[in-house]
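In this text, residue positions in the sequence shown follow numbering that gives the first Met the number 0: the first is 0, and each later residue adds one.
Think of the CB as a built atom: it goes at the ideal place given N, C-alpha and C, for glycine as much as any other residue.
Note that the structure is a prediction, hence the values are computed from the model and not measured.
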Amino acid sequence: MYEGPVQDLIDELGQLPGIGPKSAQRIAFHILDAPVEDVNRLADTLRRVKATVRFCEVCFNVSQEERCKICRDPRRDQSCICVVEESKDVVAVERTREFRGLYHVLGGAISPIDGRGPGDLRIRELLTRLADSTVTEVILATDPNMEGEATATYLSRLLLPMGLTVSRLASGLPVGGDLEYADEVTLGRAFEGRRHLGGTLT
Ligand SMILES: [Zn+2]
């Protein structure tokens, strides 16, 4: 245990995902050693991101405005929605340049162990978007792990009776992994070879 603010900083950093006690300590001492301007800039960036960034009212991607850049772009294919777990997955799919449609960010995956059910995800919002017949195809691009698969299965059962074309990213993605860690080529191929789950092929 350190005294006062140093321990507070270690505790705060330790709350971050993927940061264990040792990393928290290393980062805390890095910050202590860093020039004051650098630390101020980091603090300002943290404050600014909370004050200015919000979630797109349509797809729930991170956004500077009410609607994100992708939803505002009239050149995007309005008939196809790619469903992902997190905003970072939007970035991963965009990097492949394989997809020209719109997104829907669920805000996680179904995970009974973590007590997260379908009601905790933005599934109702997705169904609202599908209510008029603008969207004809949905690509389920949840992570290739157990939670992602469970979420994709749940969604396909909901969406197929609505007469939509539903597909799931092809295998070839590292199983048990996170979509964001797949390299562009692998993720691009997974898009091209997506598995058709039902509905009319276009
Ligand atoms: Zn959006």
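Reference Ala140, options Thr133, Val134, Ser132 and Ala149, closest by Cα: Within the sequence shown, numbered from 1, the residue matching residue 140 stands at position 141. It is Ala149 whose Cα lies nearest to the Cα of Ala140.
Pocket of ligand 1 defined by Cβ to heavy atom distance under 5 Å: Cys55, Val57, Cys58, Asn60, Cys67 and Cys70
Buried versus exposed, by CB contacts within 10 Å (16 or more), Glu85: Working through the sequence shown from its first residue, we reach residue 85 at position 86. Buried, by the Cβ-count rule.
Beta-carbon spacing of Arg115, Gly107 below 7 Å: Within the sequence shown, residue 115 is the residue found at index 116, counting from 1. Within the sequence shown, residue 107 is the residue found at index 108, counting from 1. In this structure, Gly107 lies closer than 7 Å to Arg115 by Cβ.
Span of the beta strand (DSSP E), counted from its first residue to its last, around Ser78: As a first step, residue 78 must be located in the sequence shown, where it is residue number 79. Taken as a continuous stretch (DSSP letters only), the beta strand (DSSP E) holding Ser78 covers Asp76 to Val83.
Extent of the continuous beta strand (DSSP E) to which Thr164 belongs: Translated into positions along the sequence shown, residue 164 becomes position 165. Where Thr164 is concerned, the enclosing beta strand (DSSP E) stretches over Thr164 to Arg167.
Ser132 versus Asp119, Gln77, Met145 and Leu120, residue with shortest Cα-Cα distance: Translated into positions along the sequence shown, residue 132 becomes position 133. Nearest option by C-alpha distance: Gln77.
Residues bridged to Arg115 [DSSP beta-bridge criterion]: Translated into the one-based positions of the sequence shown, residue 115 becomes position 116. Bridge partners of Arg115: Ser110.
Limits of the unbroken alpha helix (DSSP H) element including Glu93: Residue 93 sits at position 94 when you count from the first residue of the sequence shown. Looking at the DSSP string, the run of the alpha helix (DSSP H) that includes Glu93 is Ser86 to Thr95.
Coarse secondary structure for Val52, derived from DSSP in three states: As a working note, residue 52 is residue 53 in the sequence shown. Reduced to three states, the DSSP call for Val52 is coil.
Bridge-paired residues (DSSP) for His103: For the purposes of this step, residue 103 is taken as residue 104 along the sequence shown, with counting starting at 1. In DSSP, His103 forms a bridge with Val82.
Buried/exposed call for Tyr1, threshold 16 Cβ in 10 Å: Position 2 of the sequence shown holds residue 1. Tyr1 comes out exposed.
Whole-angstrom C-beta distance between His195 and Ser155, which should lie under 8 Å: The sequence position of residue 155 within the sequence shown is 156, counting from 1. The sequence position of residue 195 within the sequence shown is 196, counting from 1. At roughly 11 Å, the Cβ-Cβ gap does not stay under 8 Å, so Ser155 and His195 are not in contact.
Test item: CB-CB of Cys70 and Gly100 under 7 Å: Residue mapping note: residue 70 aligns to position 71 of the sequence shown, counting from 1. Residue mapping note: residue 100 aligns to position 101 of the sequence shown, counting from 1. No, these two residues do not count as a Cβ contact at 7 Å.
Boundaries of the alpha helix (DSSP H) in which Glu234 is found, first to last residue: Residue numbering for the chain in the displayed model covers 0 to 201; residue 234 lies beyond these limits and cannot be assessed.
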